[in-house]
Amino acid sequence: MWSRSSSSRRQGQVTTADGDPERVLSQVQDLGDWLLANPQINGCNTFENLHFFLRTSKFDVDRTKKKLKNFYQMRAERTEWFENRDPKLPEIQELLNLGVFLPIGADAEQRMVVVIRTAAHDPKLHTQNNVFKTSKMILDLLLKLEPETCARGMVAILDMQGVQLGHALQMNPKLIKRSVESWTAYPCQPKLLEFTNAPRHVNLFLNTFRIFMTPKIRSRLLLRREGTSVICDQLPKELGGQGLSYKELSLKWKQLVEQNADFYVEQDKYKSQLK
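In the numbering used here, the protein residues as written are 307 to 581.
This is the structure:
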């Protein structure tokens, strides 16, 4: 897939687990050949994409192949999240303005921190699927813009401020299962899922999430009445930090999504061919 000359140029860009860039280049070549031999997966076979999946799978080729297969199958199955991702659609514009998913920067361990505002939307006006769609549009762009930080893992602060019964009723067991599965299908692994500003009855709601989580992910779930345990220089004011406010972050990411409309057109080509 890549010539020796192009491979040698890549070596300065290769992140490895064992300090052997030649071995990693060979692994990425193997993954590229595997995708060509399995066209039904229809995955993006650029060096950057395959290297990212490999790195976040701890340089295990078999594990990377499984991750690639699951990721592109999810994108094909969840058409409600991964089709017609035009930033100018009114329903997307409204949710971008509200700021339902806000990346903020690296934590003390250089992992990517995102704030998920679970109750920013009005359940009478916005479907949960459109909330997930908008969130994954931002997440996909984040992986493109900040691959180094994202590759070290994701720290999610789920701010439940203002949550109402209507928000909980939107999250039926089927949707919760799909949401949990989507986190594990992405190449960037959740290292912490911290729920904050949680109401007293939140455990009844979170128990459904726990059912579908792997033991490892379940062990990374943390519940707080207020504030956050995450150490990050860019924490927003609403979480007691000195960073941009939710409103400022919403504007920032709305502009970035709109500026990258072509990115979504390109990305939408990559999804498995379902039988």
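Think of the CB as a built atom: it goes at the ideal place given N, C-alpha and C, for glycine as much as any other residue. This structure is a prediction, so every number in the text was calculated from the model and none was measured.
{"Query": "Would you call the stretch 408 to 421 and the stretch 531 to 548 touching, i.e. three or more CB-CB distances under 8 Å?", "Result": "yes"}
{"Query": "Can you check whether the CB of LEU342 is closer than 9 Å to the CB of ASN351?", "Result": "yes"}
{"Query": "Indicate the three-state DSSP secondary structure (helix, strand or coil) for GLY533 in the structure shown.", "Result": "coil"}
{"Query": "Compute the Euclidean distance between the alpha carbons of ASN478 and LEU431, then round it to the nearest angstrom.", "Result": "17 Å"}
{"Query": "To the nearest angstrom, how far is it from the Cα of SER332 to the Cα of LEU447?", "Result": "27 Å"}
{"Query": "Give me, in chain order, the residues of the same chain whose beta-carbon lies closer than 6 Å to that of ARG516; leave out the 5 immediate sequence neighbours on both sides.", "Result": "ARG524"}
{"Query": "Tell me, please, which residues DSSP counts as bridged to ILE422.", "Result": "PHE407, LEU464"}
{"Query": "Put LYS543 into one of helix, strand or coil per three-state DSSP.", "Result": "helix"}
{"Query": "Please work out which residues of its chain come closer than 7 Å, Cβ to Cβ, to GLU532, disregarding the five sequence neighbours upstream and downstream, and give them in chain order.", "Result": "THR502, ASN503"}
{"Query": "Just list the residues that DSSP pairs PHE501 with in beta bridges.", "Result": "LEU464, LEU529"}
{"Query": "How would you label PRO521, buried or exposed, when you count the other beta carbons within 10 angstroms and need 16 or more for buried?", "Result": "exposed"}
{"Query": "Would you report the Cα separation of SER312 and GLN470, rounded to the nearest angstrom?", "Result": "In this prediction, SER312 has a pLDDT of 45, which is less than 50 and means its spatial position is unreliable; what the coordinates show is noted afterwards. So the alpha carbons of these two residues sit roughly 54 Å apart."}
{"Query": "Taking the alpha-carbon positions, what's the ASP465 to PHE407 distance?", "Result": "10 Å"}
{"Query": "Leaving out the 5 sequence neighbours to the left and right, which residues in its chain are closer than 6 Å to LYS575 when beta-carbon positions are compared?", "Result": "none"}
{"Query": "May I ask you to report which of helix, strand or coil DSSP gives ALA412?", "Result": "strand"}
{"Query": "How long is the line joining the alpha carbons of ALA571 and ASP392, rounded to whole angstroms?", "Result": "With the sequence shown as reference, residue 571 is identified as Val, and Ala is not the correct amino acid for it. Taking the straight line from one Cα to the other gives about 8 Å."}
{"Query": "Using the Cα positions of LEU528 and VAL419, report the straight-line distance between them to the nearest angstrom.", "Result": "15 Å"}
{"Query": "Of the residues THR385, GLU383, THR455, VAL334, which one's Cα is nearest the Cα of LYS371?", "Result": "VAL334"}
{"Query": "Mapping the DSSP letters down to three states, classify PRO493 as helix, strand or coil.", "Result": "coil"}
{"Query": "What number of angstroms, rounded off, separates the C-alpha of ARG329 from the C-alpha of SER551?", "Result": "44 Å"}
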